[in-house]
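One structure is given here, and the rest of the page talks about it.
In our numbering, the protein residues as written are 27 to 284.
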């Protein structure tokens with residue numbers, strides 16, 4: 027199975043997938059040479075994701091591809107499915123469970139700038155949260171914070187607070203009770219976000235749902251003994267070795283450059 031993200035955010039999805047399929051061998055691929063996606067144009071993201079997944083699928087022959095990235099999924103999922111001859115599972119903002127959980131009927135969507143402006147988010151909101159006020163905020167800074175956190179670098183509470191205030195300071199933000207973490211990087215720092223929130227907020231993401239879908243599609247397969255996971259980076263960017271402890275915590279070896 028291949029899990030693909032722009033960086034290390036997909037580890038939040040990998041965590042749930044390995045719980046659902048503990049014996050499945052996994053390849054985690056991070057497009058370190060193209061990171062970050064959230065500030066790129068839609069054409070850049072669609073072209074890059076399709077090209078890289080085509081190369082990786084040809085070389086690795088995965089049983090399933092999981093695009094463990096909200097930005098890549100909402101922009102490039104259709105393109106990828108058109109060019110690959112293997113099943114592809116995407117990642118979409120968890121607006122449905124957020125609406126189901128909200129008491130105040132005000133929910134926030136915290137993602138990258140590219141994700142929160144997508145028409146797909148409009149469609150999800152209209153379908154599953156029509157009776158809610160849906161606030162949105164795009165934060166590229168929070169992606170960088172999550173990457174720094176996973177490299178073991180110190181990060182400031184004020185920076186997490188600023189990301190949350192992008193939602194809380196909007197009209198209606200004082201009533202918001204549930205926040206959709208619409209970037210796979212963000213669950214990796216959910217505890218930091220909760221710690222700086224001015225009141226208790228519920229944070230939801232789609233990782234568990236992706237894991238359930240993945241397990242359903244791969245039901246009945248017989249896997250070898252656990253182990254044999256790989257971590258691939260698309261470019262030898264400075265500081266790549268500093269991710270090794272975080273990768274180890276998620277059951278992965280250090281990055282190898284593809």
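Glycine included, C-beta positions come from ideal geometry on N, C-alpha and C.
Could you give the first and the last residue of the continuous alpha helix (DSSP H) run that contains residue i?
i: residue 137; result: Segment 132 to 137 is the beta strand (DSSP E) holding residue 137; no alpha helix (DSSP H) there.
i: residue 154; result: 145 to 154
i: residue 271; result: 270 to 275
i: residue 128; result: Unbroken run through residue 128: none, as it is neither H nor E.
i: residue 221; result: 216 to 222
i: residue 177; result: Here residue 177 belongs to no alpha helix (DSSP H), and DSSP marks it neither H nor E.
i: residue 42; result: 37 to 46
Could you work out which residue in the options is closest to residue i when comparing CA atoms only?
i: residue 191; options: 178, 219, 258, 50; result: 219
i: residue 206; options: 261, 147, 94, 36; result: 147
i: residue 97; options: 82, 71, 83, 114; result: 71
i: residue 239; options: 117, 33, 105; result: 117
i: residue 229; options: 141, 209, 244; result: 209
i: residue 31; options: 180, 64, 194; result: 64
i: residue 216; options: 175, 44, 243; result: 175
i: residue 154; options: 163, 131, 246, 140; result: 131
i: residue 270; options: 37, 49, 193; result: 37
i: residue 301; options: 163, 254, 87, 211; result: With the chain running from 27 to 284 in the structure shown, residue 301 is simply not present.
i: residue 104; options: 255, 69, 85; result: 69
i: residue 101; options: 245, 211, 139; result: 139
i: residue 168; options: 212, 129, 156; result: 212
i: residue 15; options: 260, 42, 166, 171; result: Here the chain covers residues 27 to 284 and nothing more, so residue 15 does not appear.
i: residue 250; options: 35, 52, 34; result: 52
i: residue 193; options: 224, 170, 161; result: 161
i: residue 283; options: 272, 274, 275, 264; result: 264
i: residue 95; options: 29, 199, 129; result: 29
i: residue 85; options: 151, 112, 201, 156; result: 112
i: residue 224; options: 201, 214, 246; result: 201
i: residue 214; options: 171, 195, 89; result: 171
i: residue 143; options: 90, 45, 67, 157; result: 67
i: residue 108; options: 129, 73, 141; result: 73
i: residue 35; options: 166, 145, 222; result: 166
What are the start and end residues of the beta strand (DSSP E) that includes residue i?
i: residue 159; result: 159 to 164
i: residue 206; result: 204 to 208
i: residue 54; result: 53 to 56
i: residue 86; result: Careful: residue 86 lies outside any beta strand (DSSP E), inside the alpha helix (DSSP H) at 68 to 86.
i: residue 93; result: 91 to 93
i: residue 185; result: Not the beta strand (DSSP E): residue 185 falls in the alpha helix (DSSP H), residues 183 to 194.
i: residue 29; result: 28 to 31
From the DSSP output, read off the bridge partner residues of residue i.
i: residue 282; result: 258
i: residue 168; result: Bridge partners of residue 168: none, in fact.
i: residue 229; result: 205
i: residue 115; result: 92
Roughly how far, in whole angstroms, is the beta-carbon of residue i from the beta-carbon of residue j, given that I think they are within contact range, below 8 Å?
i: residue 39; j: residue 236; result: 5 Å
i: residue 234; j: residue 47; result: About 13 Å; that fails the 8 Å criterion.
i: residue 127; j: residue 204; result: 5 Å
i: residue 114; j: residue 106; result: 5 Å
i: residue 50; j: residue 244; result: 7 Å
i: residue 256; j: residue 177; result: About 20 Å separates the two Cβ atoms, so there is no contact after all.
i: residue 27; j: residue 92; result: 7 Å
Can you confirm whether residue i, when its beta carbon is compared against all beta carbons of chain B, has any partner nearer than 8 Å?
i: residue 280; result: Among the chains in the structure shown there is no chain B, since it carries only a single protein chain.
Touching by the beta-carbon criterion (3+ pairs, under 8 Å), the region 132 to 147 and the region 173 to 187: Short answer: they don't touch.
Cβ contact (3+ pairs, closer than 8 Å) linking the region 56 to 67 and the region 117 to 127: no
Contact the region 268 to 281 vs the region 79 to 88: 3+ CB pairs below 8 Å: no
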